[in-house]
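4 protein chains.
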Amino acid sequence: MKVRVGIIGATGYTAYEAIRLLLRHPHAEVTAVTSRQDEGLSIAAVHPQLTSRLDLPLQPLDIDSFAQQCDVAFCCLPHGASAETVKQLRQANCKVIDFSADFRLTSVAEYETWYGVKHPWPEQVGQVAYGLPELFADQIKDADLIANPGCYPTSAIMPLAPLIQAGAIHCEDIIVDSKSGVSGAGRSPKLGTLYCETNESIAPYAIGAHRHQPEMNDIIGRFSGSKTNILFTPHLTPMDRGILSTIYVRPQAADAKRVREIWRQTYRDSPFVRVVDHIPGTKHVAGTNFVDLAVKEAGDRLVLVAAIDNLIKGASGAAVQNLNCIFGWDQTLGLL
Amino acid sequence: MKVRVGIIGATGYTAYEAIRLLLRHPHAEVTAVTSRQDEGLSIAAVHPQLTSRLDLPLQPLDIDSFAQQCDVAFCCLPHGASAETVKQLRQANCKVIDFSADFRLTSVAEYETWYGVKHPWPEQVGQVAYGLPELFADQIKDADLIANPGCYPTSAIMPLAPLIQAGAIHCEDIIVDSKSGVSGAGRSPKLGTLYCETNESIAPYAIGAHRHQPEMNDIIGRFSGSKTNILFTPHLTPMDRGILSTIYVRPQAADAKRVREIWRQTYRDSPFVRVVDHIPGTKHVAGTNFVDLAVKEAGDRLVLVAAIDNLIKGASGAAVQNLNCIFGWDQTLGLL
Amino acid sequence: MKVRVGIIGATGYTAYEAIRLLLRHPHAEVTAVTSRQDEGLSIAAVHPQLTSRLDLPLQPLDIDSFAQQCDVAFCCLPHGASAETVKQLRQANCKVIDFSADFRLTSVAEYETWYGVKHPWPEQVGQVAYGLPELFADQIKDADLIANPGCYPTSAIMPLAPLIQAGAIHCEDIIVDSKSGVSGAGRSPKLGTLYCETNESIAPYAIGAHRHQPEMNDIIGRFSGSKTNILFTPHLTPMDRGILSTIYVRPQAADAKRVREIWRQTYRDSPFVRVVDHIPGTKHVAGTNFVDLAVKEAGDRLVLVAAIDNLIKGASGAAVQNLNCIFGWDQTLGLL
Amino acid sequence: MKVRVGIIGATGYTAYEAIRLLLRHPHAEVTAVTSRQDEGLSIAAVHPQLTSRLDLPLQPLDIDSFAQQCDVAFCCLPHGASAETVKQLRQANCKVIDFSADFRLTSVAEYETWYGVKHPWPEQVGQVAYGLPELFADQIKDADLIANPGCYPTSAIMPLAPLIQAGAIHCEDIIVDSKSGVSGAGRSPKLGTLYCETNESIAPYAIGAHRHQPEMNDIIGRFSGSKTNILFTPHLTPMDRGILSTIYVRPQAADAKRVREIWRQTYRDSPFVRVVDHIPGTKHVAGTNFVDLAVKEAGDRLVLVAAIDNLIKGASGAAVQNLNCIFGWDQTLGLL
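This is how it looks when you write it as C-alpha cells:
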C-alpha cells in the first residue's frame, strides 16, 4: 500500500510541482488536496496540466478528515498560518513536511523579529529537523515534522556549510548575491509579478533585509564555532524558475581545488549534488532536484556558484526527498 | 548643415542603436555605413527596422572615401582591428568615437596582457579621452578621438568614482556583481547566445577574469590615491538589454544618505544620472540613456545599485552624448 | 504656447507610453494626470521610468479643473466609464481622444450586445471619427472627439480595408489570426497575466468572440458594398508588446503583386505604413508607430501579414498621430 | 536485460530530450551516442544537464560497432543524410526510429520536390510506419523502421485525421496556423535563432511553403476519400518549446460537441490525448507527451486547437512511445 500524501494549500506553484513529482513516485500517492479559495473546484481546474493525471476536488481543510485520508501532509500555507495548522496535524498524528519558514529558525525571538508575527507553537521551535538530507540526514530519518528549507537558503547553505565546517573560509565576510526566477514570488496576482513588470528586467529587492538571510546564518552557524555574517541580496530575474547564487568568500588557506575536495567529500553519498568544473547556469538544473556547485579563484577571494531549481530542490523536490528519508526509501525515488 | 556621421561595422546591435538615435538627432545625420561581410546589401536588409528610415548601401571601408563622406566615425569594430582603423581615420582627419576597448586603458602592457594582441597604435594609448561626459567633460570637449566606455564599466564607474574620490568607501574591497542582457554578447551566431541556450537561464561567466575588470580599476583608480581592487563577475541574463550592477562596498564613515549627497553633488549638471530612492530595475532605463543609482545599508556594508541600458548609456547613447560634447551641443540632443 | 494634454487614467501601460511620446513632442506637453486608485502619488512613483522626466501628481478627475488645465484629454478609462467622462469633457469644451471602445462602433445595439452595458451617450455613437489617419483623415481633421482604434483592429483594418475597397478579395471569407504581447491585457494584477502563467506559453482566447471582431467588421464594412464576415482569433504571446496578424483571404483576380500595388497606392502619403517584401516580425516595429505589411500567395489563398506595436500604433502612437492631425501638424511629430 | 538504444547525432535538443526520457525508462538504456563534430567529448560536455546522469563519449558513427552496441537507433540526422544511414543500420539489423523526414511521405517524387535532394533509399519510401501510435498502432507494432512524425504535423494530424475520417469537416478548406517555440529550429548557431533576434518577437515563416505542409496532406489524406488541401503557416514564437496549432475548418453537419465525441471515440485508448473543455496553452503540455485538443464554434467555422511539446510529443517523446509500441510495452513507459 502506498503512503498517502495530502497537499494543504494546493493552488500554488510549489504545490503543483509536488503533485507532479508524487505522481511519478512508486511508493506514494496524492490522496487529498485542500484550498480555501478554490474549494469545490477540481485540482485540474486550477492546474490544467493535471488534466487526466489527478482527479481530486479541492476541499477546505478539516484536520480530522484530512488526517484520516493522509499519512503525510505537505503543508504549503504561508508562515504563521502554517504553524497553527502543523500543530493540529501533529496532534492528529499526521506526519508533516512544512514548506513555510515557521520551524526553520532555532530562535523564537529571531522568528518574531523577522516575520512580524507571534509564533503559534513556540515550544516546537528549535526541535524540528531542517530538511536538507545532504546535511541533516540523521535528524530527518524517523522525523514526524520537517521544516522544508527556503529556496535561497538551500542555494547558499549547500556550498557554504561544508566550507565553514572545514574552516576553509572566513565566517564574517560572506556575500550571497542570488538571482531567482519569478515563480519564487508565488501565484497570487500582484503588480510586481505581472509579466510586463518582470519580463525584460532584473532588479534586486529586500537588500540585506530578506527573511532568508537569518535562515542562512542560523543554519550555517550550526557548522561554525562563531556566528556567520552573511549579506544576502536576492534579485528577481526574468525566467520562470531557477536560482543562481554567486557567493563571495574569503578563503583561509584554501584554494578552488581544496573547496572541490571538501564538497566531494561531504556530498560523496548525496546523489543530487554535482561538483562541476564548468560554470553552471540555472538551465542545467531546471526541472531537476540537482544542486550544481562550482568555484573560481578571483584575487584574494573565492567565488562559489550554486544553481538549483527553486521549485524542486528549493521546495517540492526537497519535500519528496525528505519524504523518502522519513520512510527509509532511496533518496532519489520520484526525483530522477 | 548637419554633421555627417559614418558607422564602421554597421551590422551589429550597437550600430543599429546608434543609427536609430542619430535619425532623431537635430544636428547630425548618418551618411555612410560600412560592413565587410554584408557589402552591397542595403542597411535595411540587415536591420529591417530601418526600412524607410535610412536608405544607404553597406560599403566596404575605404578610408579616403569614408573621410570625404563623414565628419565623424562611430567605429564599431572589434578590439585590435579597431585601433588600426582609428589610426588611419585620424590621419585622414576624421573625428572618431571608438566603441572598442583599444584606447580605454592607460597602459599598453595592461592592454596587451588582457586583450592578447599587440597594440596597433601604442603611442596613442593613455592620450585618449574616456567617453563618460559626466566625469571627463573637460577631456571630451574638443577631442578628436574618444574611447567610448565599456558597458559594464559604465555601470560600475558612475556609482563608484565619486565615492572613491570623496574617500567615502574603501578602495580595496569592492565587488561588482553585474547582470547583462544578451545583446551585450553581440550579433555573431554562436551557440552560447542562441535563444534556447540563454532563455530561462542565468549564469555567470569570466568570473574575475573579464576584460572590463581592468577597465574599471584603471578608470576608477584615477579618482583614488591608491589602486582599487575590484572583483567583477558578469552574468548573462535572459533579456535583450540592460545591465544591473549590484556593488558591495565598505563605507568609510559614510552612510546611504551621504552617498546620495555625493552622487547628487557630483552629477548635479548631468541630466542622465538619476539618484533614486526606490530600487531600480533595468526596465526603468530600457531604451534610454539614463543611469539610475540607488544605495542601501546592509550590516557593515553599503550596497550600490546601478541600472543602465547596455546598448544606449552602455554604448551608442554614450557615443551620441560624446558627439554632442565634442560639438558643444546640449548633451541631451537626440537622447530624450 | 504648447497644446496642453491631460491623461485620464494614467497608471496603465498605454498611458505611460502616451506620456513618453508626448515628452518628445515639440508642440504638446502633459499638464495633468489623473487616477482614482493612486491619487496623491507622483506619476513617477507609478511609472519609475518617468523619474526626472515628468513631475506631476496623480489627481482625482475633476472635470472643471481638468478642462482648465488641458486643451486635450487622452481618456484611458475602461469602456462604459469612458463614454460618461467623455461626455462631460466635451461639455466642458475639452477635445478628447478616447482610448476606449465606446465610440468605435456605429451601432448602439451592436455596442450594447458586445459590451454588455447600456451606452452612456448613445446620441454620439456613429458620429465620431475613427482614429486611423491613414484611412479617415478627412473625418479626423478638425474633430473634437476621436475614437482611438483598438489594437487588434488596427492590425487587421490597415491591410484589409484597401483590398476590400478595391474588390481584390472576397468579403465573406476572412480569417484574422492575431498574436499579441501581454501588455495588451493591461496592468491590473490578474492571475492570467502573471509572469509564470504567460511566460513560455502561447494560447488563443475568446475565439470568434472577442470584442474587436465586430469592430473589424464595422470599420472594414465601410469600405465594402456588402458586410464582411471576419473570424478573429487572438493569442496571448510571451512578449511585452507587439501584434502580429496573419490574415487568410481569398483573392478576386488579384495576386500578391496587385495587393502590394493597392497598398502602396492607398498609403502613398502615409509615413507609417511600410509595404515590405520580407516577412515582418513584431520586433521590426517595436517601439515605433509603423505598420509593416506583407503578402504571400499560398494555393488559392493570399496570406497577409501585419505587424504593429500594440502600445504605439495600436494605442498611444495612434493617439499622438490623431493629435497631430487635429491640430494640422505633421503626422510624424513626436513619433519618429 | 534492457533494450539498448543508441542516439545518432546526439548533440541537438531532440537528442538530449530523448536521452533524458530514456534515463527514466524501466526497460531501455542509452548505450551509445554519436556525433561527427564533437567526437571525443563526453555527452555531458555537450549537454551539461547530463552530468552524473550519463557517462558516454561521443563517438563517430561506425555502423558495425554501433549495431553491436545497440538494439535500436534513434537517428537524429538531417534529411538526406538520415536515409543513407538508416539503410545501413537496417542492413546491420538495427531497429531504427528515424527523426528525419526521409520516410514520412509516401511519394518519392513529392519528397524530392520538397526536400530538393535525391532520395537515398527510394524503394523503402511508402513502406515505413508513420510513428503516431494513436493512429497507426497496427503498423508500428513489430516494425523495424519507423518514421517519427514531424512536430507541426503531429499537432495538425491528431485533431484533423479523425474528423476527416468521420466526414465531419470539409477536406479542401483547412488552415493550420501554428506557433512553435524556438527549439524547433535546432541547435546550430544561426543569426535567426539568436536570443536577441527571436526574443520579444513573433513572425511567420515559410508561409504555405513549409515542408511539413505536404506531410500533413499526405498523412491526413490517408483518412480521406479525396486529397486534403491544407494551408500551413508556422510562426517562430519567443519560447523554448511548445507548438500551438490553431486550425480553421468548415464543418459538415458537425458541431463542437460532435467533434469532441469523435475525438474521444478515436482516442479512447490513447493515454496521451486529452480532449479538454478549456482552451489549452502550450504550458499545459510543456515537458510532457500529451496532446491537448479543444474546439470552438465560430460563425460558419470550427476552430480546433492543439497543444503539444514540440520536443516531446513532437519528437523524442513520440520516439519513446514508438519504442514502447515496437517492444509491446505499455505506451506510457518513461513518459509519465
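Chains as they are written, first to last, in my numbering: chain U, 22 to 357; chain C, 22 to 357; chain R, 22 to 357; chain G, 22 to 357. By construction, the Cβ of each residue, glycine as well, lies at the ideal position given by its N, Cα and C atoms. Computed from a predicted structure; not experimentally measured.
{"query": "Bridge-paired residues (DSSP) for R/Ala327", "result": "R/Ser266, R/Leu314"}
{"query": "Against chain U: residues of the stretch 151-185 of chain C by CB proximity under 7 Å", "result": "none"}
{"query": "Cβ of R/Cys97 within 8 Å of any chain U Cβ", "result": "no"}
{"query": "U/Val138 to C/Lys278 span [Cα, whole Å]", "result": "31 Å"}
{"query": "Nonlocal neighbours in the same chain, by C-beta distance under 6 Å from C/Gly101, ignoring five residues either side", "result": "Val138"}
{"query": "Nearest candidate by alpha-carbon position, reference C/Pro259, set G/Ile300, G/Ala275, G/Ile240, G/Leu215", "result": "G/Leu215"}
{"query": "Under 8 Å between C-beta atoms of G/Ser222 and G/Glu38", "result": "no"}
{"query": "Cβ-Cβ separation, C/Gln90 to C/Ala53 (assumed contact under 8 Å), whole Å", "result": "4 Å"}
{"query": "Chain R contacts made by the stretch 55-84 of chain C, where a contact means CB separation under 7 Å", "result": "Pro69, Gln70, Thr72, Ser73"}
{"query": "Opening and closing residue of the alpha helix (DSSP H) in which C/Val107 lies", "result": "102-112"}
{"query": "Test: G/Asp261 CB closer than 8 Å to a CB of chain R", "result": "yes"}
{"query": "Three-state secondary structure assigned by DSSP to R/Ala277", "result": "helix"}
{"query": "Residue interval of the alpha helix (DSSP H) (run including R/Leu156)", "result": "154-161"}
{"query": "Residue closest to R/Glu318, alpha-carbon to alpha-carbon, out of R/Arg232, R/Val312, R/Val326", "result": "R/Val326"}
{"query": "Distance between beta carbons of R/Gly263 and R/Ala307, contact taken as under 8 Å", "result": "6 Å"}
{"query": "Nearest-angstrom Cα separation, counted from R/Ala65 out to G/Arg45", "result": "52 Å"}
{"query": "Best match in U/Tyr132, U/Thr32, U/Arg74 for proximity to U/Leu98 [C-alpha to C-alpha]", "result": "U/Thr32"}
{"query": "Coarse secondary structure for U/Glu221, derived from DSSP in three states", "result": "coil"}
{"query": "8 Å Cβ cutoff, U/Gly308 in contact with chain G", "result": "yes"}
{"query": "Under the three-state DSSP convention, the category U/Phe87 falls into", "result": "helix"}
{"query": "DSSP three-state assignment for R/Leu82, whether helix, strand or coil", "result": "coil"}
{"query": "8 Å contact criterion, which U/Ile190 and U/Val270 should meet: CB distance rounded", "result": "4 Å"}
{"query": "G/Gly302 versus R/Thr219 - alpha carbon distance", "result": "9 Å"}
{"query": "Cβ neighbour criterion (16 or more within 10 Å) applied to U/Glu155", "result": "buried"}
{"query": "Residue-chain proximity (R/Ser204, chain U), Cβ-Cβ < 8 Å", "result": "yes"}
{"query": "N-terminal and C-terminal residue of the alpha helix (DSSP H) that C/Leu356 is part of", "result": "Element bounds for C/Leu356: n/a, residue is neither H nor E."}
{"query": "Proximal chain C residues relative to U/Asp198, where beta-carbon distance stays under 7 Å", "result": "Asp198, Thr267"}
{"query": "Through-space distance from R/Pro255 to G/Ala358, alpha-carbon basis", "result": "In the structure displayed, chain G extends from 22 to 357; residue 358 of chain G sits before or after that span and is not available."}
{"query": "Coarse secondary structure for C/Lys139, derived from DSSP in three states", "result": "coil"}
{"query": "beta-carbon R/Gly205 near the ligand FAD non-hydrogen atom, thresh 7 Å", "result": "For the ligand FAD, the structure offers nothing, since it holds no ligand at all."}
{"query": "8 Å Cβ cutoff, U/Glu221 in contact with chain G", "result": "yes"}
{"query": "Beta-carbon neighbours of C/Lys317, restricted to chain U and to distances below 7 Å", "result": "Ile228, Gly229"}
{"query": "Min CB distance G/His256 to chain R below 8 Å", "result": "yes"}
{"query": "Ordered list of alpha helix (DSSP H) runs contained in the stretch 163-241 of chain U, each at least 4 residues", "result": "172-186, 216-219"}
{"query": "Closest residue to U/Ser176 among U/Glu131, U/Arg74, U/Pro78, U/Ala339 (Cα-Cα distance)", "result": "U/Ala339"}
{"query": "Those residues which DSSP pairs with R/Val146 across a bridge", "result": "BP columns for R/Val146 are empty, so no partner."}
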